[in-house]
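Heads up: the structure comes next, in structure tokens.
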Amino acid sequence: MKILLVMTADVFYLSFGRALESLGHEIFRLVTIDEKLLEEAILTFKPDMLVDMGWDVEHWKKDILAKVCKRYNLFHLYFAEEDWLHFKSWSKPYALEVSPDFVLTRSASCIPKYARIGIKSAQLDVGSNLELHRPVPLNSDFACDVSVVVNPQFKFKIFRRKSIANLVIPLFDESYNVKIWGKGWKRVKRYYKKSPKPEMLQGILPFHYTPHVYNSSKINISVQSVRKQISNRTYDILASGGFLLTSDTPAVREILRPGVHCEVSSSPEETLEKISYYLKHDQIRRDIAKKGYEYAKKKFGYQNTIPQVWPEVEEAWKKYQQNKDK
1 MKILLVMTAD VFYLSFGRAL ESLGHEIFRL VTIDEKLLEE AILTFKPDML
51 VDMGWDVEHW KKDILAKVCK RYNLFHLYFA EEDWLHFKSW SKPYALEVSP
101 DFVLTRSASC IPKYARIGIK SAQLDVGSNL ELHRPVPLNS DFACDVSVVV
151 NPQFKFKIFR RKSIANLVIP LFDESYNVKI WGKGWKRVKR YYKKSPKPEM
201 LQGILPFHYT PHVYNSSKIN ISVQSVRKQI SNRTYDILAS GGFLLTSDTP
251 AVREILRPGV HCEVSSSPEE TLEKISYYLK HDQIRRDIAK KGYEYAKKKF
301 GYQNTIPQVW PEVEEAWKKY QQNKDK
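Following full-length UniProt numbering, the numbering of the sequence shown begins with 1 at its first residue and continues without gaps.
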């Protein structure tokens, strides 16, 4: 299909967007929501559908998307990767205002909720673009004992704060070579009464560099936002072939096997204990990373998961075309 992608953030485009392209779809990307640009793209590219996702940078202009799609009878597919956590605060209001023709939701529990507002949906968990997140050679610019790639988002009073407390804060007082990327870490002392060593903070990491970090760090920490869902970064670390240390949550244990695909921690003490152990046991660490990589390729790669749900998207698209022609 010919797909008009409206995606500003590279985290969306380089993962889901490029994965669609790798599956044979013809892609044209717009990085801004502008009425004139949208119309020009529709008239010249002649897309079969428009696709957007998540809580993107320019979604405050969502009324323009709704207006243009309606004007040109363009099928609109929305990937609600913020579900279920932000269904009430974001996905539902967005869907009500924009009225996408079909929604891919990462939470099966949201399918009946979309049905109640008259929108068809199907479940698709977030995943990794295997052409981006893959094993790559070690890069000395990113080499370290422990890496953390996350925007802390301290304002949200969710499990994420506990995950940071267990996984990241105990590193501040240690002598390990720790590198932390992300926006907002300079405010950490307000919430935890501790600050990282200045050399730990690496600033903001462009998304396309993440596989280089995951392959150059001996241990990659993935913060979890909630206990009943897994962060996208978790999958990306595994798909890159990196060794993963993450929070011990029901969702992690439901999908992954600690000690086989990854390692988990539920306290600062356990985090330091496992970091010490795995830094001393290189081969065990590499074996776990390899098994995690092989598992992630099959289970979390968009190249494998999108085709499983795409027939439902195509069916909705065909019905839309039939109704449009009446």
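For every residue, glycine included, the Cβ atom is placed at its ideal position computed from N, Cα and C.
Cβ-Cβ distance between residue i and residue j below 8 Å
{"i": "Thr246", "j": "Ser222", "result": "yes"}
{"i": "Ser240", "j": "Arg134", "result": "yes"}
{"i": "Asp83", "j": "Ser99", "result": "no"}
{"i": "Ile3", "j": "Ile42", "result": "no"}
{"i": "Phe154", "j": "Lys113", "result": "no"}
Same chain only: Cβ atoms within 7 Å of residue i, ignoring 5 sequence neighbours per side
{"i": "Ile255", "result": "Ile230"}
{"i": "Cys69", "result": "Leu50 and His76"}
{"i": "Gly301", "result": "Gly127, Ser128, Leu130 and Ala239"}
Assigned secondary structure, residue i (DSSP; H/G/I helix, E/B strand, else coil)
{"i": "Val252", "result": "helix"}
{"i": "Ser216", "result": "helix"}
{"i": "Pro47", "result": "coil"}
{"i": "Gln303", "result": "helix"}
{"i": "Trp310", "result": "helix"}
{"i": "Ser140", "result": "coil"}
{"i": "Ser222", "result": "strand"}
{"i": "Glu26", "result": "strand"}
{"i": "Ile3", "result": "strand"}
{"i": "Ser128", "result": "strand"}
{"i": "Gln202", "result": "strand"}
{"i": "Gly292", "result": "helix"}
{"i": "Gly118", "result": "coil"}
Residue i - partner residues in DSSP beta bridges
{"i": "Gln123", "result": "Thr105"}
{"i": "Glu263", "result": "Leu245"}
{"i": "residue 354", "result": "The chain is shown from 1 up to 326; residue 354 falls before or after that span and cannot be answered."}
{"i": "Cys110", "result": "Paired residues: none, contrary to the question."}
{"i": "Val149", "result": "Trp181"}
{"i": "Pro258", "result": "Cys262"}
Chain-order list of residues whose beta-carbon lies under 8 Å from that of residue i (same chain, five-residue window excluded)
{"i": "Gln224", "result": "Phe159, Arg160, Ser163, Ile230, Ser231, Thr234, Thr246, Ser247, Thr249, Ala251 and Val252"}
{"i": "Trp185", "result": "Pro152, Pro196 and Leu201"}
{"i": "Lys297", "result": "Leu130, Ala239 and Asn304"}
{"i": "Pro307", "result": "Leu23"}
{"i": "Leu85", "result": "Ile158, Ser225, Val226 and Gln229"}
{"i": "Phe45", "result": "Lys2, Leu4 and Phe28"}
Distance cut-off 7 Å: residue i Cβ against heavy atoms of the ligand MG
{"i": "Leu104", "result": "Among the components of this structure there are no ligands whatsoever, and the ligand MG is therefore not found."}
Expected contact under 8 Å - CB spacing of residue i and residue j to nearest Å
{"i": "Leu30", "j": "Val6", "result": "5 Å"}
{"i": "Asp145", "j": "Leu272", "result": "Not confirmed; about 12 Å, so no contact."}
{"i": "Gly203", "j": "Val149", "result": "Actually they do not touch by this definition, with Cβ atoms about 11 Å apart."}
{"i": "His212", "j": "Val136", "result": "6 Å"}
{"i": "Leu96", "j": "Ser121", "result": "Not quite, the Cβ-Cβ distance comes to about 14 Å (not below 8 Å), so this is no contact."}
6 Å Cβ shell around residue i - same chain, five flanking residues per side excluded
{"i": "Glu263", "result": "Leu245 and Lys274"}
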